[in-house]
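Those protein sequences? They're chains A and B, same order as listed. What the first sequence shows, in this note's numbering, is residues 59 to 397, in sequence order. What the second sequence shows, in this note's numbering, is residues 59 to 397, in sequence order. All residues carry an ideal CB built from backbone N, CA and C; glycine is no exception. Shown next, in structure tokens, is the structure this report addresses.
There are 2 protein chains.
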Amino acid sequence: MTTDGQAVTLRQVAAQAGVSRQTVSNVLNAPERVDPATRLKVRAAIESLGYQPSRTARSLATRQAGLIGYCLARHPGRSLFTDPFLHALTEAIEATGRRLLVFTAPEGAEGLATYADLIAQRAVDAFILSDTVDGDPRHGWLASRGVPFASFGRTWPEQGEQPGRWVDVDGAGACAELVRGLHSAGHDRIAFLGWRDPVPVGAAKDRQRGWRDECRRLGLPEQAAYADSDSMEGAAHAAATLLDAAQPPTAIVAAGDLLAVGVISEVRRRELRPGHDIWVTGFDDSLLATSVEGGLTTVRQPAAEITATLVRLLDAGPGRSGVLLDGRIVSRSSAPLDL
Amino acid sequence: MTTDGQAVTLRQVAAQAGVSRQTVSNVLNAPERVDPATRLKVRAAIESLGYQPSRTARSLATRQAGLIGYCLARHPGRSLFTDPFLHALTEAIEATGRRLLVFTAPEGAEGLATYADLIAQRAVDAFILSDTVDGDPRHGWLASRGVPFASFGRTWPEQGEQPGRWVDVDGAGACAELVRGLHSAGHDRIAFLGWRDPVPVGAAKDRQRGWRDECRRLGLPEQAAYADSDSMEGAAHAAATLLDAAQPPTAIVAAGDLLAVGVISEVRRRELRPGHDIWVTGFDDSLLATSVEGGLTTVRQPAAEITATLVRLLDAGPGRSGVLLDGRIVSRSSAPLDL
DNA sequence: CTGAAAGCGCTTACAG
DNA sequence: CTGAAAGCGCTTACAG
């Protein structure tokens with residue numbers, strides 16, 4: 059734009075370069091078709107005028123909004139991964155020349171109306187879904203309408219396959235690896251600390267399943283406790299019941315970082331040393347993980363890889379597929395694992 | 059859209075209603091101009107076809123993108139307020155019929171190029187700025203180009219006024235109120251715990267200023283300590299130096315919730331009881347505040363009010379103005395204040 | 001290789 | 001109150 063706020067248009071570039079408007083359009087969209095000499099001439103004009111095509115005009119002509127829709131979760135702060143995920147997603151989408159439109163919507167089937175509006179207004183070309191829940195209605199709804207989307211997270215369908223394409227982190231695998239690592243380090247009472255089911259959160263169950271299966275495989279006891287809320291306090295109470303047992307665990311695998319920090323506080327209150335007397339692990343590698351003394355051993359979700367995959371799936375066309383990515387265990391002093 | 063993915067257009071609505079296209083446009087944009095009878099007829103057609111105007115076509119005609127740009131902070135997770143803020147902002151903007159486009163940009167003056175692109179492409183009508191830093195270059199740059207924007211946060215200009223319109227939370231006022239409340243409750247050694255300056259963060263200094271001024275006014279000593287990092291561990295170490303003093307404080311005002319939680323952990327480690335032996339306060343009312351046992355007394359930033367103001371300022375036209383909003387003290391057991 | 005034509009789906013004055 | 005006209009700023013076949 060010029061300093062007076064007037065936007066530069068194709069027409070002005072064409073005039074300055076002494077060519078027609080579609081020649082300018084061609085150097086932008088199909089440069090190989092235009093003579094190198096005029097190409098240079100046009101590029102010079104574009105440069106000198108600081109021209110950039112209008113997104114709206116281009117969108118109208120191409121019938122592509124150039125925008126991907128992403129619904130912000132209803133409970134901000136529910137997951138500490140939300141923020142890094144959104145950041146990585148924005149960058150991944152920008153890398154393909156599109157941009158991210160965020161919106162809010164009611165939970166459940168009611169929220170579908172917002173998706174419908176966005177589609178009807180042709181405000182977005184596709185959606186990225188996250189914060190998926192068991193039996194999430196969005197996937198089937200979008201798929202049946204032929205709207206492109208990619209999902210971070212599974213819908214854990216009771217039966218049949220999940221509609222559309224998804225990518226997720228293998229929580230079960232990561233927790234199993236944690237158990238193996240703890241066992242190799244000499245632990246044989248490895249407890250799990252999760253959330254008490256308010257809502258069915260598939261990821262939480264998945265993590266627990268990984269822990270449980272590996273304990274069974276190794277012939278270890280299955281001690282578990284559940285926090286009443288997603289809080290340090292809830293986790294501390296749950297950890298207390300574990301530690302008060304006749305045969306208390308020597309390691310606790312928590313389903314999330316916040317829970318793990320709560321466990322650590324309870325461990326410390328008992329004058330026990332995390333990473334020595336009791337080993338503690340979390341999940342997410344959130345800002346809390348580097349916040350506790352010595353750091354928290356946790357599972358990092360590969361944000362860049364997740365979002366790059368998501369963007370790739372967006373353009374994969376209709377169909378069903380799933381990608382399971384490995385979480386990476388980050389060892390810190392709360393559970394000094396040898397990796 | 060119809061089930062086959064074909065979008066409904068104005069033309070189809072006009073045909074079905076038996077009127078011209080601009081009559082349809084009129085019932086949408088200037089209903090008072092059209093006869094009630096035909097208005098009904100058109101509305102019925104719109105309803106039955108599930109018509110919604112194309113955002114792009116409308117944008118091209120009105121020269122309004124209908125989109126507001128918002129740059130995601132470079133360091134996700136830096137502030138626990140990011141997530142609630144973004145959520146509230148999205149809702150506030152949607153309430154005015156527009157939507158939010160999020161983007162990423164390099165820090166500092168280099169990031170201006172991204173803003174310039176968005177403007178040149180006419181991808182957004184205006185910007186919301188947050189995560190402002192001392193001497194933030196964006197405000198002056200946008201103002202000088204006549205690009206509408208509103209800022210959450212001040213740029214703390216050394217001299218002169220801040221360009222454009224801003225809203226901020228009165229951190230100094232909230233901390234002064236905290237000091238008054240603690241003093242009324244009988245405390246006369248009220249320490250401050252902040253961050254050791256890595257980058258100049260105006261808000262942090264503002265909070266400290268409020269604490270300091272009020273301590274002076276009340277004739278209280280000014281004890282302060284600083285965490286080396288924004289972590290519980292850093293805060294715990296800083297708190298230790300405070301508590302090891304010959305005249306240790308009986309209350310600690312921390313500049314953020316994460317710091318406060320670190321203070322609490324240090325307090326507990328010393329077998330002291332938060333809210334009894336030592337009172338502790340935080341700032342942000344983040345998810346951590348309800349996460350520690352008994353809860354953390356903290357200052358809530360009024361997200362809905364902030365974002366509603368931001369949206370209002372966006373449409374206030376060029377000029378300079380500032381709105382300072384009060385933070386609300388939320389009293390919990392870490393510092394059971396009488397409010 | 002280049003340009004005249006048509007069109008994307010709306011809105012905005014402006015006649016009737 | 002209603003409709004014919006022009007235009008928003010691009011792109012996409014399609015002649016030349």
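- With a minimum length of 3 residues, the unbroken runs of beta strand (DSSP E) contained wholly in the stretch 80-140 of chain B fall at 125-129.
- Scanning the stretch 193-244 of chain B for uninterrupted alpha helix (DSSP H) segments of 4 residues or longer gives 195-202 and 229-242, listed from N- to C-terminal end.
- When the beta-carbon positions are compared, residue 210/A and residue 197/A stay at least 9 Å from each other.
- The beta carbon of residue 101/B does not come within 9 Å of any beta carbon belonging to chain A, so the residue lies off that interface.
- For the set 309/A, 329/A and 350/A, the Cα lying nearest the Cα of residue 316/A is the one of 350/A.
- For residue 167/B, the nearest beta carbon of chain A is not closer than 9 Å to its own beta carbon.
- DSSP places residue 160/B within a strand segment (E or B) once states are collapsed to three.
- Where residue 387/B is concerned, the enclosing beta strand (DSSP E) starts and stops at 386-388.
- Along the stretch 153-187 of chain A, the positions whose C-beta sits under 7 Å from a C-beta of chain B are 157, 158, 159, 160, 161, 162, 175, 177, 178, 179, 180 and 181, read in chain order.
- The contact set of residue 112/B on chain A, defined by CB atoms closer than 8 Å, consists of 118, 179 and 180 in chain order.
- Comparing alpha carbon positions, the residue from 128/A, 94/A and 70/A closest to residue 103/A is 70/A.
- Contacts with chain B at 9 Å (Cβ-Cβ) include residue 323/A.
- Distance check between residue 392/B and each of 374/B, 343/B and 373/B places 343/B closest, using alpha-carbon atoms only.
- With a threshold of 9 Å between beta carbons, residue 123/A makes contact with chain B.
- Annotation: the continuous beta strand (DSSP E) that includes residue 186/B extends over 184-187.
- Cβ neighbours of residue 352/A within its own chain (closer than 8 Å, five residues either side excluded): 332, 333, 390, 391 and 392.
- Collapsing the DSSP output to three states places residue 342/B in a strand.
- Pairwise C-beta distances place the stretch 144-161 of chain A out of contact with the stretch 91-99 of chain B, as fewer than three of them are shorter than 8 Å.
- CA-to-CA, the gap between residue 368/B and residue 225/B works out to about 7 Å.
- One Cα belongs to residue 308/B, the other to residue 150/A, and the distance between them is close to 49 Å.
- Residue contact with chain B for residue 85/A: absent (no Cβ-Cβ distance below 9 Å to any residue of chain B).
- Under the Cβ criterion of 9 Å, residue 287/A is counted among the residues facing chain B.
- For residue 142/A, the closest alpha carbon among the candidates 363/B, 143/B and 133/B is that of 133/B.
- Within the same chain, and ignoring the five residues on either side of residue 284/A in sequence, the residues whose Cβ sits closer than 7 Å to its Cβ are 252, 253, 254 and 296.
- With contacts defined as CB atoms closer than 9 Å, residue 131/A and residue 140/A qualify as a contacting pair.
- Taking the Cα positions, residue 302/B is about 22 Å away from residue 328/A.
- Of the candidates 199/B, 156/B and 147/B, the residue whose Cα lies closest to the Cα of residue 168/B is 199/B.
- Here residue 110/B is buried. Its C-beta has 16 or more other C-beta atoms within 10 Å.
- A Cβ-Cβ distance of about 6 Å is found for the pair residue 247/A and residue 279/A, placing them in contact under the 8 Å criterion.
- Burial of residue 266/A is indicated by the presence of at least 16 other C-beta atoms within 10 angstroms of its C-beta.
- In this structure, DSSP gives residue 333/A a state outside helix and strand, which the three-state scheme calls coil.
- One finds 289, 290, 291 and 316 in chain B with Cβ atoms closer than 7 Å to the Cβ of residue 349/A, taken in chain order.
- Under the Cβ distance rule, residue 326/B counts among the residues neighbouring chain A, one pair being separated by less than 9 Å.
- If you look at residue 358/A, you'll find it isn't in any alpha helix (DSSP H); it sits in the beta strand (DSSP E) that goes 356-358.
- Taking a Cβ-Cβ cut-off of 8 Å, residue 340/A has no neighbours in chain B, whose nearest Cβ is about 13 Å from it.
- By the Cβ neighbour-count rule, residue 221/B is buried, with 16 or more other Cβ atoms within 10 Å of its own.
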